[in-house]
Every structure is written in C-alpha cells, then in structure tokens.
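First the structure, in the form of structure tokens, and then the observations on it.
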DNA sequence: ACCTAAGTGGAGAGTGTCCTCCACATGTAT
DNA sequence: ATACATGTGGAGGACACTCTCCACTTAGGT
C-alpha cells in the first residue's frame, strides 16, 4: 500500500519510472517547474514517450517528484513540535523551511500549487498545516509569539523568502527581521546581530538573473 | 534634449512609437515583461515589424516603457526626503514603492534588471538610490531607524514584496511586520494593529496562480 | 501636383516545446 | 522455447513566439 492504486508495472518500467522522478527532482530543483520535459527525459536517459506515458500531465510529474519533499516539510514541522521550547522550535522551523526552499527552486513553486489528484502529497500538506497551527498556538501560549500572528503569515513569509531566494544570504536577513517582528517585545534579545546583508550595490541596480 | 540622440522621426512614426510604448506599459503591467511582443503590437494597433524597427530588442522596449516608471520611483524618494519627519518619510516611501510594484508586475521585474544602454532610465535609478541612502542616514540620525539597517535591505524588502504581490493584502502585512523590525525598539507604537491577514486557507494550500 | 525618402504590415522562415503515433524490443508466464 | 502483453524511443505534427524581408503606402519638401 505504499503506492495504493498504481496497477503494478513491469520491473523495467518501474525502474524507468523511478529514473524519471529522480531526474525530475534534479531538474526542477535547478530550473524550476517550467523546465522542458524533454530535458527531464534526457536527464533520465529515457525517451519522451516513456515520460508522458507514466505522467500524462506536468502536474502528475511534479506531484510524484515532490511527494518526498512535502513529507520532509511535514516532518520538519513535526520535529519542531518535539522541541520543548516552542518558540525555539518555531524559529528553527522557519529557518529550515526557508533553507529547503532556497535549495530547491521547484519546491518553492510546488508549495504554492494545489495538486487535487495527488492524495499522498496533499495528506502531507495537511499534516504540515495542522502541525503548524499547533506550534503557533503553543508559541503564543508560551508568551513568545505575538497574539495577532496567524498561521497564514507563514505562507506570506515563505512566498517572500522565495522572492529573494536568488541572493543566497538575503533570505536569512529577511527572516531575522521578521522573527524579531513576530516575537513579543522584550522576550527575545533584540541585540543579536543580523546576518550579513546582501552584496553592496545590488539595490535597484539589477540582479541580472 | 528631452530625447537626446534619437534621429527625429516622421510625425506618423513618432505617433506609432508612442502607441507602442503605451501598449507595452499596459501589457507589461498586467502580464510581466515576458509577454509576447506580437500581443504588444496588436494592442498598439501596429504590425510587429513596426515594433521591431523601433525597438530591436525586448530590453529596448522595456527601457522605453519604464523610463517614466523609474522617474516616478525617484520622485517618490525625493518626496520622502521633503518630509520633515524622516522616519515617517521612510515608512511612507516603502509603502508607496510596494504599492507601485503591486500595481505593475512589469515594474517589479524591471527594477531588478539592469539596462546598460538606457541612460535616462539609469540616471533616474541613481537618483533614487542616492536619495534613499540619504533618507536612511537621516532616519538613523533621528534615532528611529536601527543602526545596522543598510540601504540594500530595501532591495530585499522590494524583492520580498514582489514575491507576495499575487495576494493583494499580503504585502501590506509583510511591510507592517518589517517596519516594526526596522524601527529602534521603543520609539514606535508597537501596538498598532496589523493590516488584515491574507485569506484563510491560503497557507500551503496552493494559490493556484 | 509630384517625388522620394521614410515608414508600414503581413507573410513566412527559424526555433523550441508539447504531445502522439507506431514499428520495434523486452519482460514474464507457460 | 515460445507467445503475447507490456513497454520503448524517436520521428513528426501542432502550436507559439521571434525576427526579417519586401512590395506597397504615405508624409512632407519642392
């Protein structure tokens, strides 16, 4: 039941299927979800037809490629809940989620996309969501997270971090600022030094891309 | 000398040129800088050849379309410098810049792109940059902006805001959090209510796009 | 009114990606 | 060993976008 309703492929076909998802993870991470599927097939060492047979739409492939990624996401939330210090768990979690996004361009895009047909993936998404709601609640009860914070603010943060992902150190600095704003005043050392700012001259001067 | 080195077009050609830049502003604002140039030409009511004759590369067109936008940007900075309260000027400025970006998808993209050949545009960019450096300095001297703030943080903010621009109220909330983090603790009413959070359920649930 | 340099639009070549079809290959059950 | 369902790759049609060429049109000076 690890892969519920898939009709049992021939051994070589199953092998190819996995090669394709592995290649997709690689290519999506580097080039985003819009990468040409022909490139993915080439990377996997199979013909395009094989890719399309297994994954009729791009969404199918993305969902298959990021089932694990979403699970890792939910696991990170679960791990944060295990921290006896809920505020520290909250801060560490946001750091980890941002780091995961920064390391995988496709993941950042996949997180803001719904996959109606991908049950396993959506189940992990729900698990992450509910864990996060609980974590937010605990951090508020502990008096460390401001009362008007809402779990949706995490979405905002992740989308914002995705926007600056190009410049590696930038998201750390953004996160540091935001964590300070999320904290209840006076409960956190406000004097902690900020992470290194982005490279001089980047401002309004073009990041080329 | 408003348009220094352009070789004087025939009246109808000049008219068409302006129709094209106007159409480009419209299309870029709505669909981003990647919009098909055929669509821009159709919107302008001219053939593609006319567009390409005046603007050999996409960059040329983008630069022409956003010369005004960049000027508006620099003007906003200048206006902020006129505010006797530098901190209020700073806050209002960030609000305005974010609002401009949110209203014009192309502008947000153009700001993070260099246009080596577009002198007028780059001049405005410089004007904005230098004004901003001055404003940041004043707000620090006034004791309202934290000392470890750097002008490049504005870039980070703008890139972050661009990342959440899809959900209209989200950038306001992000900005509110960040302004609180930028302020020197104790100098600003930390109890001001946050702007309305983004719609419930957006979290990790897909913004479709 | 006429002439010509300047300007125009649409057709079409070039390119890249999506997706399907089908002749051929290969696992697997007997 | 044989047979056949299952699986494969590459060729190629469809489409979208970029950019150029050229026969025709028009502004504006004489």
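Protein chains in written order, with full-length UniProt numbering: chain A, 1 to 209; chain B, 1 to 209. Think of the CB as a built atom: it goes at the ideal place given N, C-alpha and C, for glycine as much as any other residue.
- In the structure shown, the three-state DSSP call for residue 183 of chain A is strand.
- With contacts defined as CB atoms closer than 7 Å, residue 79 of chain B and residue 131 of chain B fail to qualify as a contacting pair.
- Residue 28 of chain B: member of the alpha helix (DSSP H) spanning 11-31, first to last residue.
- Taking a cut-off of 8 Å for Cβ pairs, the region 92-112 of chain A and the region 162-172 of chain A touch, as three or more such pairs fall below it.
- Taking 4 residues as the minimum length, the alpha helix (DSSP H) runs contained wholly in the region 52-103 of chain A are 58-65, 67-82, 86-103, in order along the chain.
- The criterion of a C-beta distance shorter than 7 Å is satisfied by residue 159 of chain B and residue 164 of chain A.
- Apart from the 5 residues on each side of it in sequence, residue 87 of chain B sits with its Cβ closer than 7 Å to the Cβ of 139, 142, 144, 145 in its chain, given in chain order.
- Taking a 10 Å sphere around the C-beta of residue 57 of chain A, we find fewer than 16 other C-beta atoms and assign the residue as exposed.
- For a Cβ distance threshold of 9 Å, nothing in chain A lies close to residue 89 of chain B: the least Cβ distance comes to about 18 Å.
- Put simply, the CB of residue 124 of chain A is far from chain B, with every gap to its CB atoms at 7 Å or more.
- Counted as a single uninterrupted DSSP element, the stretch harbouring residue 47 of chain B is not any alpha helix (DSSP H), since DSSP gives it neither H nor E.
- Under a criterion of Cβ atoms nearer than 7 Å, the residues of chain B adjacent to residue 197 of chain A are, in order, 150, 152, 153.
- Counting other Cβ atoms within 10 Å of its Cβ, residue 196 of chain A stays below 16 and is therefore classed as exposed.
- Secondary structure note for residue 117 of chain A: it is in no alpha helix (DSSP H), with a DSSP letter that is neither H nor E.
- No Cβ of chain B is located within less than 7 Å of the beta carbon of residue 117 of chain A.
- Considering only B/55, B/193, B/96, B/182, the residue with the shortest C-alpha distance to residue 150 of chain B is B/182.
- Contact annotation: the region 39-53 of chain A does not touch the region 103-117 of chain A, with fewer than three C-beta pairs closer than 8 Å.
- Where residue 152 of chain A is concerned, the enclosing alpha helix (DSSP H) starts and stops at 152-163.
- Residues of chain B with a Cβ closer than 7 Å to the Cβ of residue 174 of chain A are, in chain order, 156, 160.
- Rounded to the nearest whole angstrom, the CA to CA distance from residue 155 of chain A to residue 198 of chain B is 9 Å.
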